[in-house]
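Residue numbers (the UniProt record's numbering): 1 to 50.
By construction, the Cβ of each residue, glycine as well, lies at the ideal position given by its N, Cα and C atoms.
As the structure is a computational prediction, the values presented were derived from the model and not from experiment.
What follows is one structure encoded as structure tokens, with my remarks underneath.
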């Protein structure tokens with residue numbers, strides 16, 4: 001839904017329209033995912049499941 005710029009080394013940046021493979025959903029709201037060969041945390045409320 002939104003683009004996100006990583007704020008820390010364990011986070012992943014993405015732009016609106018990117019497809020992220022979700023690896024883990026956490027109740028804290030920070031999810032773990034992969035885009036290509038990049039992997040990291042991102043805010044779950046920035047994405048929409050398809």
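Boundaries of the beta strand (DSSP E) in which residue i is found, first to last residue
i	result
residue 22	21-24
Given residue i as reference, the closest of the options once Cα atoms are compared
i	options	result
residue 31	1, 15, 20 and 44	44
residue 24	15, 41, 13 and 9	41
residue 6	38, 19 and 17	38
Spatial neighbours of residue i in its chain, beta-carbon cut-off 8 Å, leaving aside the 5 residues before and after
i	result
residue 21	33, 34 and 35
residue 29	43, 44 and 45
residue 16	1, 2 and 3
DSSP bridge partner residues for residue i (one or two, in chain order)
i	result
residue 12	Residue 12 is not bridged to any residue.
residue 35	38
residue 4	14
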